[in-house]
Amino acid sequence: MYERHGKPSGRKRTMRNMKRSILITAILLLAASPVLMAQQSLGLVEVRNQFPFAQLFLGLTPDGANTLSQGKFQLSLSASWSNTFIMSFRNWIDANWPQGRHPLTLADFRRMESAYPNTDLYFYDGETLRWNIRLHYGLTDTMELTLDTSIHNRGGGFGDGAIESFHNFFNMDNADRQRFPQDHFEVFLKMGNHEFFQDGAPGHTVMGDTSLSLKIRAPQPWHGWTVAGALEVKAPTGNSHLFGGSGNWDEQVAGYASRKLGPGWLHLNAAYTFLGDIDAMPGFETADLWTIVAGYELWTPHHKVNWVLQTEIASSPFADATDTDLGDPSYLVLIGARIPAGSRGYLTFAAMENVFTFDNSTDIALHAGYTLTF
């Protein structure tokens, strides 16, 4: 937060250069693929923003504009792992933190509040494993119903050591990870007169919220574009006190557009989501979300692999976080590969990274899943 204005920190410059390199490499790999044979579009990789706070709410799940044929089912089972380390007070840590690894205490946060009065503060260190079930059904050839639910596990995880070793091997900055215990879960938020503190995992595996959506596709293309719209509602079926969900209803309206472009397909998504509050964090005011997704998919020769490159921009769910990075839009890049598994199914593997802003989104997320149409 205190490095936000003026010259970027060394950590931000290093991370920015690395993630730009990843993005450029992905684009070159896609551009270098040979001319492809005609093949059915699979749409975008159906994985949501994995930022822990974003998972509490209804969010846009990227998709193509196509719908299932009448009477067809499509079942997707997936798991997404994410590691998040963000904080807004690196200058204070640089000036006050002792050598070695030490957990932050509530007394430390009180000292920060005294040093920076009337200033929002935040800290999140933890991992999330999210199991997701999505069931699509073709009501008609142009209408599709989707049921979505999830299971969450939040805690300290296991990936901190590997991430720090990766950074050290490539001589990259660890963003102060080395000052705190590895694989430890801790959260602190202060916005206005409201604060939230949790030291230790919120619980074991818990159910998440459940959503139901109806997508309607236009019967004819519009200037070469397949277009569709969707309405989605999230019900508070999860355990909100253990952060399985927000504890309230959310509603979303979304639009989808897809078309053949060159050897592959271009997909565009946009959504606006009306958010409820967070029961486990009383007093924190939420803000409605807008989300924009763009992606391109193509098949390799002989239909062995379907490659996807997609980007997402989304606003912050925190209405009060106006003077910190937590209130800024997040920018995500996903690179995915889908491999046919039998005549009716395929496997999905994907990696998601944040770019441009790093203290309002998960550092890295890995996704794997299986989709079957019947």
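First residue of the sequence shown? That's 51 in this note's numbering, and the numbers climb one at a time after it.
Just so it is clear, CB atoms sit at the ideal spot from N, CA and C, and this is done for glycine as well.
Nothing here was measured: the structure is a model prediction, and the numbers come from that model.
Residue i - DSSP class collapsed to helix/strand/coil
{"i": "G206", "result": "coil"}
{"i": "N133", "result": "strand"}
{"i": "P332", "result": "coil"}
{"i": "F246", "result": "strand"}
{"i": "G295", "result": "coil"}
{"i": "D198", "result": "strand"}
{"i": "F216", "result": "helix"}
{"i": "A104", "result": "helix"}
{"i": "G109", "result": "coil"}
{"i": "L376", "result": "helix"}
Span of the alpha helix (DSSP H) around residue i
{"i": "E163", "result": "L156 to A165"}
{"i": "W340", "result": "It is not in any alpha helix (DSSP H) - W340 instead sits in the beta strand (DSSP E) that spans L339 to W349."}
{"i": "A145", "result": "R140 to N146"}
Whole-Å CB distance - residue i paired with residue j, under 8 Å assumed
{"i": "Y172", "j": "F238", "result": "7 Å"}
{"i": "G444", "j": "E177", "result": "The first residue shown for the chain is 51 and the last is 424, placing residue 444 beyond what the model contains."}
{"i": "D329", "j": "T260", "result": "That belief does not hold up - the Cβ atoms of D329 and T260 are roughly 16 Å apart, past 8 Å."}
{"i": "G429", "j": "R98", "result": "Given that the chain is displayed from residue 51 to residue 424, the structure contains no residue 429 and the question cannot be resolved."}
{"i": "R151", "j": "P271", "result": "Not really, about 58 Å apart at Cβ, beyond 8 Å."}
{"i": "W340", "j": "S308", "result": "No, W340 and S308 are not in contact; Cβ-Cβ is about 20 Å, not under 8 Å."}
Counterpart residues of residue i in DSSP-defined beta bridges
{"i": "R267", "result": "A278"}
{"i": "M402", "result": "L384 and A415"}
{"i": "S128", "result": "N182 and G419"}
{"i": "A285", "result": "T260"}
Endpoints, the beta strand (DSSP E) within which residue i is located
{"i": "R309", "result": "D300 to L311"}
{"i": "R180", "result": "L171 to G188"}
{"i": "N116", "result": "From DSSP, N116 is part of no beta strand (DSSP E); its letter is neither H nor E."}
{"i": "N319", "result": "G314 to F324"}
{"i": "M241", "result": "E236 to M241"}
{"i": "V358", "result": "N356 to A364"}
Pick from the options that is closest to residue i, judged by C-alpha positions
{"i": "G242", "options": "K265, Y166, T276 and S308", "result": "Y166"}
{"i": "L359", "options": "E96, G386 and S366", "result": "G386"}
{"i": "G312", "options": "L262, D223 and Y346", "result": "Y346"}
{"i": "M137", "options": "H291, S215, L94 and D375", "result": "D375"}
{"i": "G333", "options": "G295, A369 and D300", "result": "A369"}
{"i": "R229", "options": "N289, L325, I363 and A145", "result": "A145"}
{"i": "H186", "options": "R227, N168 and L264", "result": "L264"}
Min CB distance residue i to chain B below 8 Å
{"i": "W349", "result": "Any reference to chain B falls outside this structure, which holds one protein chain only."}
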